[in-house]
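If you're matching positions, the sequence shown starts at 9 in my numbering and goes up one per residue.
Working notes for the structure below.
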Amino acid sequence: MLLHLFPKLGIMEDHNGDYALHKLAHTPSAFASESAFPFWKQWIYKLPDIKNLHDKKLVNDEASNLLGRIFKEIRGMSDLELERMEIDKAVHNAIKHGIVEFVDELLTYNPDFIWRKDKRGRTIFSHAIILRQEKIFSLFYRLGPKKSIVASRHDIFHNNFLHLAAKLSPPAQLDRISGAALQMQRELQWYKSRTQGARKRRRKWMKNTAGSSMIVGTLIAAVMFTTAFTMPGGNEAQSGLPIMLNTDRNTFMIFMISNGLSLFASSTSVLMFLGILTARYAEDDFLVSLPTKLIFGIACLFVSIVTMMISFAAAMYLMLHKTLSWVSIPLIILSTLPVVLFSTLQFPLLFEMVIRTYGSTIFDKHKKHASFVKKPLQTSHYKKEGFQQQISLGEGGAIRQ
Numbered sequence: 009m010l011l012h013l014f015p016k017l018g019i020m021e022d023h024n025g026d027y028a029l030h031k032l033a034h035t036p037s038a039f040a041s042e043s044a045f046p047f048w049k050q051w052i053y054k055l056p057d058i059k060n061l062h063d064k065k066l067v068n069d070e071a072s073n074l075l076g077r078i079f080k081e082i083r084g085m086s087d088l089e090l091e092r093m094e095i096d097k098a099v100h101n102a103i104k105h106g107i108v109e110f111v112d113e114l115l116t117y118n119p120d121f122i123w124r125k126d127k128r129g130r131t132i133f134s135h136a137i138i139l140r141q142e143k144i145f146s147l148f149y150r151l152g153p154k155k156s157i158v159a160s161r162h163d164i165f166h167n168n169f170l171h172l173a174a175k176l177s178p179p180a181q182l183d184r185i186s187g188a189a190l191q192m193q194r195e196l197q198w199y200k201s202r203t204q205g206a207r208k209r210r211r212k213w214m215k216n217t218a219g220s221s222m223i224v225g226t227l228i229a230a231v232m233f234t235t236a237f238t239m240p241g242g243n244e245a246q247s248g249l250p251i252m253l254n255t256d257r258n259t260f261m262i263f264m265i266s267n268g269l270s271l272f273a274s275s276t277s278v279l280m281f282l283g284i285l286t287a288r289y290a291e292d293d294f295l296v297s298l299p300t301k302l303i304f305g306i307a308c309l310f311v312s313i314v315t316m317m318i319s320f321a322a323a324m325y326l327m328l329h330k331t332l333s334w335v336s337i338p339l340i341i342l343s344t345l346p347v348v349l350f351s352t353l354q355f356p357l358l359f360e361m362v363i364r365t366y367g368s369t370i371f372d373k374h375k376k377h378a379s380f381v382k383k384p385l386q387t388s389h390y391k392k393e394g395f396q397q398q399i400s401l402g403e404g405g406a407i408r409q
């Protein structure tokens, strides 16, 4: 009733310098999400006239209404005023205690808070991942198209959602789960919830690239197969041998060899791309198997394009070099254009995949850090409650026992 008459009361300090928002953030029992009801009471709780739950439901409703009014008042406050209220601390405490209603009401009245970062550059959902509050993180999936943008944000330590999910849960959260196997299961669930989207994007990109390249390879194979039985200049009536075989044997052999190589290379590339489209797309496949198939497929496709252009140039030379040489020469020069374009567009990707797949790993395991070896060790002795221990201290505080 007081907040109806004096809305500013919700954002004022008391005599101890505390805000109502901080009190609510430290009182998870005031909200339905943290009310430890048994399963059978969770659905009874929703019924309005149950005596033994009525008081608890009343407290939860009042706390939610109070939150809504407070967040409605801070909607127009400046960043300086929010910092004075220590809003980030209140939000962190609410997430720490798993108060879903707190974050839900905050984002309902102040949707721009999804972009707000604390001093460490972390958003609301970053803290939800660190503190392993899956109910609060579930609000992330309501963001729609904004999800990918929020998920790509980094903190001051250059960590995104995936890095934070890969870290071990706080001990307080692990202690709530019995057994190391179940703890590991929960950790994997958090990690996979963040890698699933990236895995889908990788699979989609790989399939689109393989599908498009497979169409090109199929067209080249079809053209080269037809050309193998359609000789330039025709065949002799009696022997059936190509006429050009006797007039310009060397150029004709170049035509035939390049035609055959183009057919074999394009067919091989089609099989490589088919292997990508039918792969199982497991996590390990993205390390070597799929990149190798794509590298080999693109390389074979490049060979097929080069040899196809050589075959075309040889055919133009055989038919036109005696009568229309001024036409054949420009056509032969223009036949290099597809090769140059393919090299310009695809070679950077090809080289990067080769280096990342077969080059050195991102972790330089063989690098020597001489500062840890060359610097003489300092010896420190300390004594605590009758127990004496000797340790060796290296540079930067590294402890060696």
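Just so it is clear, CB atoms sit at the ideal spot from N, CA and C, and this is done for glycine as well.
Here the structure is a predicted model, which means the values were calculated and not measured.
Inset, instruction - Report buried or exposed for His389, applying the criterion of at least 16 other Cβ atoms within 10 angstroms of its Cβ. - result: With a pLDDT of 42 at His389, under the threshold of 50, the modelled position of this residue cannot be trusted, and the question is left open.
Inset, instruction - Compare the C-beta of Ile303 against all C-beta atoms of chain C and say whether one is closer than 9 angstroms. - result: The displayed structure is made up of one protein chain only, and chain C is not part of it.
Legend entry - Through-space distance from Asp112 to Ile223, alpha-carbon basis: 49 angstroms
Legend entry - Reduced DSSP secondary structure (H/G/I, E/B, other) of His125: For clarity, residue 125 is Lys in the given sequence; the question names His instead. Correct three-state label for Lys125: coil.
Legend entry - DSSP state of Gln141 mapped onto helix, strand, coil: The answer is coil: DSSP assigns Gln141 none of H, G, I, E or B.
Inset, instruction - Go through its chain and collect everything with a Cβ distance to Arg83's Cβ below 6 angstroms, but skip five positions before and after it. - result: Tyr117 and Asn118
Inset, instruction - Check whether the stretch 290-307 touches the stretch 253-264, taking contact to mean three or more Cβ pairs, one atom from each stretch, closer than 8 angstroms. - result: Not touching, per the Cβ criterion.
Legend entry - Glu94 - DSSP class collapsed to helix/strand/coil: coil
Legend entry - Residue from Asn167, Leu349, Tyr289 and His162 whose Cα sits closest to the Cα of Arg209: Tyr289
Legend entry - At least three beta-carbon pairs within less than 8 angstroms, the stretch 264-271 to the stretch 280-295: no
Inset, instruction - Can you tell me the Cβ-Cβ gap for Ile306 and Gln354, rounded? I've got them flagged as a contact below 8 angstroms. - result: 6 angstroms
Legend entry - Limits of the alpha helix (DSSP H) - the one that Asn267 falls within: It spans Arg257 to Leu285 - the alpha helix (DSSP H) in which Asn267 sits, taken as one unbroken run.
Inset, instruction - Report, in whole angstroms, the separation of the C-beta atoms of Ile144 and Ile103, which I expect to be a contact under 8 angstroms. - result: Cβ-Cβ separation between Ile144 and Ile103: approximately 6 angstroms, consistent with a contact (criterion under 8 angstroms).
Inset, instruction - Would you mind giving the Cβ-Cβ distance between Gly225 and Leu309, rounded to the nearest angstrom? I have them listed as a contact below 8 angstroms. - result: 5 angstroms
Inset, instruction - Taking only heavy atoms of the ligand ADP into account, decide whether any of them is closer than 8 angstroms to the Cβ of Ser86. - result: With respect to small molecules bound, the structure shown includes none, and the ligand ADP cannot be examined in it.
Inset, instruction - Taking only the alpha-carbon atoms, compute the straight-line gap between Ser86 and Arg124 and give it to the nearest angstrom. - result: C-alpha separation (whole angstroms): 12 angstroms.
Legend entry - Whether Met316 touches Ile228 by CB criterion (9 angstroms): yes
Inset, instruction - Can you grab the Cα-Cα spacing for the pair Ile337 / Thr276, in whole Å? - result: 31 angstroms
Legend entry - DSSP-derived helix/strand/coil call for Arg288: coil
Legend entry - Residue environment, His166, which counts as buried when at least 16 other CB atoms sit within 10 Å: Exposed, since its Cβ has fewer than 16 Cβ neighbours within 10 Å.
Inset, instruction - Between the Cα of Thr234 and those of Ile284, Thr217, Leu271 and Thr259, spot the shortest distance and give me the residue it belongs to. - result: Nearest to Thr234 by C-alpha distance, out of Ile284, Thr217, Leu271 and Thr259, is Leu271.
Legend entry - Residue interval of the alpha helix (DSSP H) (run including Phe493): Since the displayed the chain opens at 9 and closes at 409, residue 493 lies outside it and no answer follows.
Legend entry - For Gly283, the nearest candidate out of Ala273, Ala236, Val231 and Lys215 (CA to CA): Selected option, being the one with the closest Cα: Lys215.
Inset, instruction - List the endpoints of the continuous alpha helix (DSSP H) containing Val311. - result: Ser297 to Leu328
Legend entry - Alpha carbon of Thr217 to alpha carbon of Arg211, nearest angstrom: Roughly 10 angstroms between the two C-alpha positions.
Inset, instruction - State the start and end residues of the unbroken alpha helix (DSSP H) segment that holds Met361. - result: Leu345 to Tyr366
Legend entry - Nearest neighbour of Phe350, chosen from Gly268, His105, Ser221 and Met280 [CA to CA]: Comparing Cα-Cα distances from Phe350 to each of Gly268, His105, Ser221 and Met280, the minimum goes to Ser221.
Inset, instruction - State buried or exposed for Asn68, treating a residue as buried only when at least 16 other CB atoms are found within 10 Å of its CB. - result: buried
Legend entry - Terminal residues of the alpha helix (DSSP H) in which Lys155 lies: Lys155 to Ala159
Legend entry - Nonlocal neighbours in the same chain, by C-beta distance under 6 angstroms from Ser312, ignoring five residues either side: Ile228, Ser270, Ala273 and Ser274
Inset, instruction - Taking the CB atoms as reference points, tell me whether Ala173 and Ile137 lie closer together than 9 angstroms. - result: Ala173 is a Cβ neighbour of Ile137, given a cutoff of 9 angstroms.
Legend entry - Buried or exposed (CB count within 10 angstroms, at least 16 for buried), Ala230: exposed
Inset, instruction - Just confirm the distance between the C-beta atoms of Leu32 and Leu66, as a whole number of angstroms; I'd bet it's less than 8 angstroms. - result: The Cβ separation is near 16 angstroms, so there is no contact.
Inset, instruction - Assign Asp293 to one of three DSSP states: helix, strand, or coil. - result: helix
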